[in-house]
Amino acid sequence: MPRVAPGQRKRAYKPKTKTGCLTFRRVKCDEARPHCLRCTSTGRKCDGYPDVEELSSASSRGSSVDLWISSSPALVRAPLPSFLETSQERRAFHYFITATAPMMAGFATESCWSEFLPRAAHYERPIRHALVALGALHESRMMVSRGVKLDSSLLEFPLQEYGRAIRSLVEPFLKKERQAMDVCLLSCVLFAAFEMMQGNYGSGVAHQQSGNKILSEIIFDESTGQYQHDTLSISNTPYIPMKTIEELYLRTDFALSQMVTTQDSTIFDKFENTRLSLELPEIFTSLAEARNTLQFLWTRFRCLLNNLESQANSAELPQLFSAWQQETIEKTTQWNLAFQAFISKYGHTFTEHEKIGVLVLEIQYQTGHMNAVISRTVVDDQMAWDPCLPYFERLIELATKVLDSPAFTAAEFQIDVGIIGPLYHTSACCRHPVVRRKAIELLERVPTLQEGVWNAGITARAARRVVEIEEFGLGVVKEAADVPDWARISEVDPTFDAEKRMVTIKYYRSGKAALKSVREPITETFEW
Numbered sequence: 355m356p357r358v359a360p361g362q363r364k365r366a367y368k369p370k371t372k373t374g375c376l377t378f379r380r381v382k383c384d385e386a387r388p389h390c391l392r393c394t395s396t397g398r399k400c401d402g403y404p405d406v407e408e409l410s411s412a413s414s415r416g417s418s419v420d421l422w423i424s425s426s427p428a429l430v431r432a433p434l435p436s437f438l439e440t441s442q443e444r445r446a447f448h449y450f451i452t453a454t455a456p457m458m459a460g461f462a463t464e465s466c467w468s469e470f471l472p473r474a475a476h477y478e479r480p481i482r483h484a485l486v487a488l489g490a491l492h493e494s495r496m497m498v499s500r501g502v503k504l505d506s507s508l509l510e511f512p513l514q515e516y517g518r519a520i521r522s523l524v525e526p527f528l529k530k531e532r533q534a535m536d537v538c539l540l541s542c543v544l545f546a547a548f549e550m551m552q553g554n555y556g557s558g559v560a561h562q563q564s565g566n567k568i569l570s571e572i573i574f575d576e577s578t579g580q581y582q583h584d585t586l587s588i589s590n591t592p593y594i595p596m597k598t599i600e601e602l603y604l605r606t607d608f609a610l611s612q613m614v615t616t617q618d619s620t621i622f623d624k625f626e627n628t629r630l631s632l633e634l635p636e637i638f639t640s641l642a643e644a645r646n647t648l649q650f651l652w653t654r655f656r657c658l659l660n661n662l663e664s665q666a667n668s669a670e671l672p673q674l675f676s677a678w679q680q681e682t683i684e685k686t687t688q689w690n691l692a693f694q695a696f697i698s699k700y701g702h703t704f705t706e707h708e709k710i711g712v713l714v715l716e717i718q719y720q721t722g723h724m725n726a727v728i729s730r731t732v733v734d735d736q737m738a739w740d741p742c743l744p745y746f747e748r749l750i751e752l753a754t755k756v757l758d759s760p761a762f763t764a765a766e767f768q769i770d771v772g773i774i775g776p777l778y779h780t781s782a783c784c785r786h787p788v789v790r791r792k793a794i795e796l797l798e799r800v801p802t803l804q805e806g807v808w809n810a811g812i813t814a815r816a817a818r819r820v821v822e823i824e825e826f827g828l829g830v831v832k833e834a835a836d837v838p839d840w841a842r843i844s845e846v847d848p849t850f851d852a853e854k855r856m857v858t859i860k861y862y863r864s865g866k867a868a869l870k871s872v873r874e875p876i877t878e879t880f881e882w
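In our numbering, the protein residues as written are 355 to 882.
Following this line, the structure appears as structure tokens:
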């Protein structure tokens, strides 16, 4: 992407429509006047207040290039005149660049967090305030973890900057103007990260799903290389290449889908129908490429499997599943060959941080491959996991290496799936009493670790509850076979409260008295 010099960023506008594009699930008003920030942060009409007028329609679209970009005069974006106004802002922004950005990037070297976003902050107030808020929040969390007592001003500053970011984002909509597509997409990611870093998972998920909705509404014309959206302005020089933004959303959606089983396939469908391919290279050129490829593959296979499970009564289901299983094993094997070739060629150059990345990808590969090879001839057969004990033991071994690495820190937050999801999967699906408890103990070693919507401490609590429910009344459990199928939980669906730090978890279990294949739900609530 060409560097953005002062005055070179151009915003082109096109006819307005009445189609809402920034709507997410209903949440309670925060009673801010004249419009609730929680509602308007993504363009939603605020309940309980006078409606914000919808964007008015303009002239009809032109032809050729005007189909994508309006012929109305372009708005030239110059750098903000007072980029960082106070020493507190400058300190937080510096902390974001030096500490938060590397943390958010995870184990791979990327320019999105370290270069593109800080550059965009020079031009866009929503991004500037969001980065300052994240940097300030991150630093305050680190100080608290070291036992430093903070005064109220330091604790309030991140929230103040977050509020300024939201107001800056929605300001054009309130003026019946257009906001930039890339600014909206990036803001949703940053807002979700801020909420999740605070432990407000319901609000974080809402922002993430809002971004997913915007991205799904964007149309890309491969013949012209242009993007289109009905209500957002499109720039010829986005702050971050759209391919990078799309990959970022695929990663955040992947992390969410590992927990929220009802997550739809909107983002996957967009990638499946555009530019991502199932053709794998013989060798990967970076950890980021290996990670993005693996996550795309598993998102695809999950969506296809969900579709098959919805056809449980189909006579063709055995053949369809066999084809799914064959393709899944084939592609994951190809991925592993390319990954091992990458390690063989470049492994001697890996930093300690990159070695953690290798371990994490190996964990994700083992988890996914196990899900592909298990028998699914019987619907909801929880006994099918018992032969997978070697996989579970390998996951414990790899996760232990991650936690023992000198480069690992439990105070981090990142958007990617790491070890928490696979360790929960081990504790829930492996009924060997020693192995599943080792998985929980590893989670309890790092209770503050957070990977997107996954928090290690909360996950450990949920995992212990699963074990308690399954083993209740069974006496001494010495091996997996001691936990009969009727006692096993088959599915766990979490629903995060949009207002409180609370999650409602629904388990499915038949129970000894029922002795039937249909499992009944058990609902419990966790607070933190």
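Just so you know, even glycine gets a beta-carbon here, dropped at the ideal spot from N, CA and C. It should be emphasised that the depicted structure is a prediction, and the values quoted were computed from it without experimental measurement.
- With fewer than 16 other Cβ atoms inside 10 Å of its own Cβ, Glu706 counts as exposed.
- Comparing C-alpha distances from Glu531 to each of Phe545, Gln580, Ser587 and Thr653 shows the shortest one belongs to Ser587.
- The C-alpha of Phe638 lies about 14 Å from the C-alpha of Glu716.
- Contact between Phe461 and Leu485 is absent: CB atoms are separated by about 21 Å, not below the 8 Å threshold.
- Within the DSSP bridge table, the entry for Asp575 names Gln580 as partners.
- Where Ile794 is concerned, there is no enclosing beta strand (DSSP E), although the alpha helix (DSSP H) around it starts and stops at Pro787 to Arg799.
- Residue environment for Gly701: exposed (fewer than 16 other C-beta atoms within 10 angstroms of its C-beta).
- A Cβ-Cβ separation of about 6 Å places Ile843 in contact with Ile823 under the 8 Å criterion.
- When only Cα atoms are considered, Arg818 and Leu509 end up about 33 Å apart.
- Contact between the segment 794-809 and the segment 605-614 is present: three or more C-beta pairs spanning the two stretches fall below 8 Å.
- Scanning the segment 502-580 for uninterrupted alpha helix (DSSP H) segments of 4 residues or longer gives 506-528, 535-552 and 555-571, listed from N- to C-terminal end.
- Across the set Arg799, Arg656, Met496 and Met737, the C-alpha of Arg799 shows the shortest separation from the C-alpha of Ile774.
- Cβ atoms of Leu634 and Trp689 come within 8 Å of each other, at about 6 Å.
- Positions of the alpha helix (DSSP H) runs, each at least 4 residues long and wholly inside the segment 635-719, are given as 641-663 and 671-700 in order along the chain.
- Shown here, Tyr477 sits in coil according to DSSP, grouped into three states, outside any helix or strand.
- Pro592 counts as buried, since no fewer than 16 other beta carbons sit within 10 angstroms of its beta carbon.
- For Thr858, no alpha helix (DSSP H) run applies; the uninterrupted beta strand (DSSP E) run containing it begins and ends at Met856 to Arg863, by DSSP.
- Looking at the DSSP output, Thr879 shares a beta bridge with Thr858.
- The three-state secondary structure of Pro838, taken from DSSP, is coil.
- When Ala560, Gly556, Val543 and Glu478 are compared, the shortest CA-CA separation from Glu525 is found for Glu478.
- Note: Thr849 is bridge-paired with Thr858 in the DSSP secondary-structure output.
- Going by DSSP, Cys466 is part of no alpha helix (DSSP H) at all; its letter is neither H nor E.
- Asn554 places its beta carbon less than 8 Å from that of Arg855.
- A Cβ-Cβ contact shorter than 8 Å links Phe746 with Cys784.
- Residue burial annotation: Ser564 is buried, with at least 16 other C-beta atoms found within 10 angstroms of its C-beta.
- Per the Cβ contact rule, the segment 682-698 is in contact with the segment 642-652 (3 or more Cβ pairs under 8 Å).
- The beta carbon of Pro838 lies closer than 7 Å to none in the same chain, with the five residues before and after it left out.
- When the beta-carbon positions are compared, Lys792 and Ile750 come within less than 8 Å of each other.
- Judged by their CB atoms, Val559 and Phe850 are nearer to each other than the 8 Å cut-off.
- Assigned with DSSP and collapsed to three states, Ser494 falls in helix.
- The Cβ atoms of Ile568 and Phe470 do not sit closer than 8 Å to each other.
- Secondary structure of Ser844 (DSSP, three-state): coil.
- For Tyr778, the enclosing alpha helix (DSSP H) covers residues Ile774 to Cys783.
- In this structure Glu515 is in contact with His483, their Cβ atoms being roughly 5 Å apart against a cut-off of 8 Å.
- Per the C-alpha coordinates, the member of Arg500, Val788 and Glu464 positioned closest to Thr598 is Glu464.
- Around the Cβ of Glu571, a 10 Å sphere holds 16 or more other Cβ atoms; the residue is buried.
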